[in-house]
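According to the working numbering, the sequence shown is numbered sequentially starting from 7.
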Amino acid sequence: MKAIVSAGLMGVLFALGLGLGGMTHPEKVLGFLDVMGRWEPSLALVMGGALGVHALFLRWSRRWKAPVLAARFASPPYSRVDGSLVTGAALFGVGWGLVGYCPGPAFVALATGGRDALMFALSMLAGMLLFRFWTRFRAPVGGSPDATN
């Protein structure tokens, strides 16, 4: 239960940071990507601030024997770069560049009732369902398509 409450509080903190940094406004993101026009550096400042906080916390947390709200520190299940990762990253980047939303800011912007954010979130959820269907359809018998042999 503590982990769920903690995750919820971190989500609220993340949402507040996105909102205060103006990252729920697609024009900020699109302005950041417009390096040959009227470049908007605020996204770089928000990312830099987030990286700085993360770096300090990571350095501090390495002194701990165990995490506060879990039995052990979590690690990604695998770290290989494959076609699925590259394709997903490319789709994420293209979508981000076309509409100025990524998942976090889009869900925060949903709280304001924005139609663009709603359309983005529904499209993203449809894409996730399509991906789930596709991976189940192409999965070999007895295993996941991402399983390492």
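For glycine and all other residues, C-beta sits at the position ideal for the given N, C-alpha and C.
Taken atom to atom, the span from the alpha-carbon of K8 to that of H60 is near 22 Å. By the C-beta criterion, the stretch 125 to 140 is judged to be in contact with the stretch 92 to 112, since at least 3 inter-stretch pairs fall below 8 Å.
Nearest to V52 by alpha-carbon distance, out of W45, L24, M130 and T118, is L24. By the C-beta density criterion, T141 is exposed, having fewer than 16 other C-beta atoms within 10 angstroms.
In its own chain, leaving out the 5 sequence neighbours on each side, no residue places its CB closer than 7 Å to the CB of K71. Each of V74, A115 and F79 was checked against the Cα of V18, and the nearest Cα belongs to A115. In this chain, F79 is not harboured by any alpha helix (DSSP H), its DSSP state being neither H nor E. When the beta-carbon positions are compared, A112 and M134 stay at least 8 Å from each other.
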